[in-house]
Structure formats: structure tokens, C-alpha cells
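**Student:** Once you've had a glance at the structure underneath, I'll fire off some questions.
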Amino acid sequence: MTTKFFRRAFLLCLLALMPRVAAQEKGVGEQPEGLRRVELKVDGVTREALVSAPAGAKEKAVPLVFVFHGHGGAMQQAARSFSLHTQWPEAIVVYPQGLKTPGKLTDPEGKRAGWQSGAGDQGDRDLKFFDALLAKLKVEFKVDEKRIYSTGHSNGGGFTYLLWAERGDVFTAMAPSAAVLRQVDRLKPKPVLHLAGEKDALVKYQWQELMMKAVRKVNGCSVEGKSYGPNAIIYSSPSGTPVVTFIHPGGHEFDPGAPALIVKFFKEHTK
Numbered sequence: 002m003t004t005k006f007f008r009r010a011f012l013l014c015l016l017a018l019m020p021r022v023a024a025q026e027k028g029v030g031e032q033p034e035g036l037r038r039v040e041l042k043v044d045g046v047t048r049e050a051l052v053s054a055p056a057g058a059k060e061k062a063v064p065l066v067f068v069f070h071g072h073g074g075a076m077q078q079a080a081r082s083f084s085l086h087t088q089w090p091e092a093i094v095v096y097p098q099g100l101k102t103p104g105k106l107t108d109p110e111g112k113r114a115g116w117q118s119g120a121g122d123q124g125d126r127d128l129k130f131f132d133a134l135l136a137k138l139k140v141e142f143k144v145d146e147k148r149i150y151s152t153g154h155s156n157g158g159g160f161t162y163l164l165w166a167e168r169g170d171v172f173t174a175m176a177p178s179a180a181v182l183r184q185v186d187r188l189k190p191k192p193v194l195h196l197a198g199e200k201d202a203l204v205k206y207q208w209q210e211l212m213m214k215a216v217r218k219v220n221g222c223s224v225e226g227k228s229y230g231p232n233a234i235i236y237s238s239p240s241g242t243p244v245v246t247f248i249h250p251g252g253h254e255f256d257p258g259a260p261a262l263i264v265k266f267f268k269e270h271t272k
């Protein structure tokens, strides 16, 4: 068989795979069961999220968890990978959808969905979306304001850090994954679980090491940590704001063991 034949066969296979690759990048797929799509207007732009709420959430105060997808992801994908609505069915769990956003490390043209990376970026559109979404949920449900949490992966983890910096008084504890924040000086002590892959080549592990060190300093944590479970270390704090680090042996991917650990950590903390 000729080289021309192999080249043509390779191109045909590549074309056949392209729709599947695009779908994976977008993270869009079937909406997981038990979730309801909600929409609201923010500065004239339609924003949306998937919401799961337990029975009785309109009458009894329940915890609230925000889960933010990474750059190029989607709310459906976040619901599948985090699946916190199944891990913690007693809580209201919200998976917001980002808008097209230029990436700091990838996608400079902003063709894929993501979140603002710093205060003032994108006209603070995502901070405004968070404010509007939280207000809507408080009207619809009886939210326990002593138990409000945020987690997210990569760009979504960065936005979780940004929420800590800019809306910290709202939250009880945070769990960013594969993320860092530039404005560390804006953080005030708060329980945090930081998840990282030691082979992460995108949000480099060395950057995340510096971030975890900075957060331990903010929280006034002990120098020595103790085991918090497989791959996890807890650094205690006299102010009741411990830092837990979960370091898995992989790269930038979201570790499948993370959701159960996130729920365990959140359940341990209330205001």
C-alpha cells in the first residue's frame, strides 16, 4: 500500500474523530438526572446553571454548594465529574455555566467558556452572576447562611479563590482544585482544601505549592501537618481555619477521589 493511501486513511480517521473531540472540549452532553436548569439575566446577558435541591429545601435551612467548571468545560461536565449532588443529596448543589473567556494559559482568543481570573476582569461579569444567582437561590430556597461553600477545577478553582478574595464573608469553606490566585493579600482566614496533581504541567505544581504555602500563612497554620486520609494532609490552625492539601500523583486532571473528600471537608465546617 502506498504512502498516499495511509495519509488519506489517517485524514479520514481524523475527520471522523473531530466531532467527538469538540464535544469533549465543550463538555456538553446529556443533562444528568436530578438537575434543573435555571436562567437569569445579568447586565442584559442570559446566564444559566444546573441546580439540585433536596426535598424540603423551601422549609428547612440546608447547605449550599457552588461548583465551577474549568476553562473549556460546561455545567453538564462539572455535574458529571464532581457529582456533588449525589455525594451530598442533603445540600443544594449548583453548577453554573461560564461564558466565552480568554484564557491566561490557553485559548487567548476566548473561544471557550470560562470565568474571570481577577477582580475587575470582564467587567466583573462573573462576580455579578454569582451575586444574582445567590440572591435567586435565597428567594427560592431556605439557604443555611452558615453553610455556603465553593469548589471548582482549574479556571473554576481560580474563580473559587477569587470568590474567597472578593466575597469571602459569604462562604464557610472553599475547595479549589488545580488553581492559584494573584491577589493573595485579599484573602482572610477561612478553612480551605486545595487539590493538586504533582505532575500538573498546565497550572504548574510549583505554582500551586507556593499558593498552598501562602494560604497556610494566611490561616496561621502549623508548620507540620497530619494525615487526613490517602494523599491528604491537614494543617491545623488555632483560629479554626485549617488547610487540607490533597496531592494526587496525576497531572492537571480532576482526581476521581476528590468529590468524596470535598464533601467530607465541607461537612466538617460551619460558621
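So this note's numbering is basically just the index in the sequence shown, starting at one, shifted up by 1.
Cβ atoms here follow ideal geometry from the backbone N, Cα and C, with glycine treated the same way.
So, at 7 Å on beta carbons, what are the nonlocal neighbours of residue 266 in its own chain, with the 5 sequence-adjacent residues on each side left out?
**Tutor:** 174, 176, 194 and 245
**Student:** Are the beta-carbon atoms of residue 101 and residue 113 separated by less than 8 Å?
**Tutor:** yes
**Student:** Is it true that the stretch 247 to 264 meets the stretch 84 to 93, where meeting means three or more beta-carbon pairs spaced less than 8 Å apart?
**Tutor:** yes
**Student:** Residue 40 bridges to which residues according to DSSP?
**Tutor:** 49
**Student:** So the beta strand (DSSP E) residue 246 belongs to, where does it begin and stop?
**Tutor:** 244 to 249
**Student:** Rounding to the nearest angstrom, what Cα-Cα distance links residue 49 and residue 253 in this structure?
**Tutor:** Roughly 26 Å separates the two Cα atoms.
**Student:** Do you know offhand how far residue 182's Cα is from residue 227's?
**Tutor:** Cα to Cα, the separation comes out at about 25 Å.
**Student:** How long is the line joining the alpha carbons of residue 27 and residue 98, rounded to whole angstroms?
**Tutor:** Per-residue confidence for residue 27 stands at a pLDDT of 42, beneath the threshold of 50, marking its modelled position as unreliable; no derived number is given.
**Student:** Taking the alpha-carbon of residue 148 as reference, which of 52, 60, 258 and 64 has the nearest alpha-carbon?
**Tutor:** 64
**Student:** Buried or exposed for residue 256, please, with buried defined as at least 16 other CB atoms from any protein chain shown within 10 angstroms of its CB.
**Tutor:** buried
**Student:** Does the beta-carbon distance from residue 163 to residue 172 come in below 8 Å?
**Tutor:** No, the pair does not count as a contact, with Cβ atoms beyond the cut-off.
**Student:** Any idea what DSSP makes of residue 69, helix, strand or coil?
**Tutor:** Note: residue 69 maps to strand in three-state DSSP.
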